[in-house]
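Residue numbers (this note's numbering): 869 to 1291. Just so you know, even glycine gets a beta-carbon here, dropped at the ideal spot from N, CA and C.
Listed below in structure tokens is the structure:
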């Protein structure tokens, strides 16, 4: 993909502006305007899942805090291990996690030890219980074939005291919460979550529960947006359906701008639509109306209101989801973490021909499967129109066809982006 200089305005009113942007150039231009959130707050550990870390976590001690057994078995000195056949050891005690054996283990002696128990003085090796023979209450037989130092976890081998464990900008996972708990952190400093206000525009839209008249439809886009935003871990403000009325739209944009970092709308940005959205946005802020060389989702508006950034997504339901995942989600990720958004992609073999013309990026909805040999295959799912929302439900990935692609033949390798890789 090629990129345009990101500092220039791309307002549709500018006769010098290009008629379309590539997907890469649009992403680059958007992110160039975003300043990551720096405001932080402290949260109890259990409330911090998915939050973005605002502090550097330095370990106050070693983990594990003491050298301990990785297995149930018998602890002894590695220098005592038998070199031929077997050797009998005197069993002098037992060590369990929380109750160490506090005497020293001498030559020819061993200690029964449980997983996690500190290694007694004089021992550096554990022989698994299954590889030993308890002859009687005070004698254990060990056969040859054991290695000195085996089955022992060294103090600090997981985390060393004073080391950096987690860095700012990391989105906290369940494993991270466990690590923080193991270090004794009851609460943690995290960045404030992005605030997003969203609404739909259109006189034809009705909320669920209202009767439908001729030409009217239920507003599905707000529910798709709600689901995607919930998974993106943001604070939400749902402003509902706003009519194509100048005063109502102006009031909605003013309210959204006061409350949010990002304002997202669906509908009202295509050329020729009978609404006032573009006119009002030009009055309220610095708008850059773009046509993006992509399918679906060609019309996309982006710009800045008074204190927030604005995304005007298309009205068709698939185009809403595609443009959200490809533009809004990377923006939210960067706003929250300050790091680039890099969802997983992989190569798969297409199970059929896919028609495409060069010059635009296409996001084909597909169904990805893994074969018995470990390779992947993918098949487009049904009709691919921007109004066929079932293609997003039945599919599990985007087939990514770049601007220079001129179609795909059955058996060709294609790049796919699994939906599971998208937050």
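| query | result |
| --- | --- |
| Residue 942 versus 966, 1017, 904, residue with shortest Cα-Cα distance | 1017 |
| Ordered list of beta strand (DSSP E) runs contained in the region 914-971, each at least 3 residues | 941-944, 954-963 |
| Enclosing beta strand (DSSP E) for residue 1291 [first to last residue] | That residue, residue 1291, is in no beta strand (DSSP E); it is neither H nor E in DSSP. |
| The region 1057-1077 touching the region 965-976, judged by at least three CB pairs closer than 8 Å | no |
| Distance between residue 1219 and residue 877 (C-alpha atoms, nearest Å) | In this prediction, residue 877 has a pLDDT of 29, which is less than 50 and means its spatial position is unreliable; what the coordinates show is noted afterwards. When rounded, the distance between both Cα atoms is 42 Å. |
| Any 3 or more C-beta pairs closer than 8 Å across the region 1229-1239 and the region 1255-1266 | yes |
| Validate contact between the region 950-962 and the region 920-934 using beta carbons, cut 8 Å, 3 pairs | no |
| Residue 1291 and residue 1100 closer than 8 Å at C-beta | yes |
| Residue 1278, buried or exposed, once every other Cβ within 10 Å from all chains shown has been counted against 16 | exposed |
| Per-residue DSSP class, three states only, for residue 1040 | coil |
| Element boundaries [beta strand (DSSP E), containing residue 1198] | Element bounds for residue 1198: not the beta strand (DSSP E) but the alpha helix (DSSP H), 1197-1205. |
| Spatial distance of residue 1186 from residue 1225 (CA atoms) | 20 Å |
| Rounded separation between residue 1045 and residue 907 - CA only | 21 Å |
| Alpha carbon of residue 1077 to alpha carbon of residue 1084, nearest angstrom | 13 Å |
| Rounded C-alpha distance that separates residue 1141 from residue 1272 | For residue 1141, the predicted structure reports a pLDDT of 48, less than 50, and the residue's modelled location is therefore unreliable. The matter cannot be settled from this model. |
| Sub-8 Å separation of residue 919 and residue 1058 beta-carbons | yes |
| Supposed contact pair residue 1233 and residue 1259 - C-beta distance, whole angstroms, cut 8 Å | 4 Å |
| Delimiting residues of the alpha helix (DSSP H) encompassing residue 1095 | 1089-1099 |
| Coarse secondary structure for residue 1163, derived from DSSP in three states | strand |
| Per-residue burial, residue 1002 [other beta carbons within 10 Å of its own, 16 or more giving buried] | exposed |
| Opposing strand residues paired with residue 1171 [DSSP bridges] | 1155, 1178 |
| Distance, residue 897 Cα to residue 880 Cα | Here residue 880 scores only 33 on pLDDT, less than 50, and its place in the model is too uncertain to base an answer on. |
| Helix, strand or coil at residue 840 [DSSP, three-state] | The structure shown does not extend to residue 840, since the chain is modelled only from 869 through 1291, so no value can be given for it. |
| CB contact flag (residue 1066, residue 1106, <8 Å) | yes |
| Nearest neighbour of residue 1190, chosen from 1175, 1200, 1163, 1209 [CA to CA] | 1163 |
| DSSP three-state assignment for residue 1146, whether helix, strand or coil | helix |
| Of the residues 1072, 1030, 989, 1009, the one placed nearest residue 924, counting alpha carbons only | 1030 |
| Per-residue burial, residue 1281 [other beta carbons within 10 Å of its own, 16 or more giving buried] | exposed |
| At least 3 beta-carbon pairs within less than 8 Å: the region 1192-1203 vs the region 1239-1251 | no |
| Among 1286, 1027, 1160, the one whose alpha carbon lies nearest that of residue 888 | 1160 |
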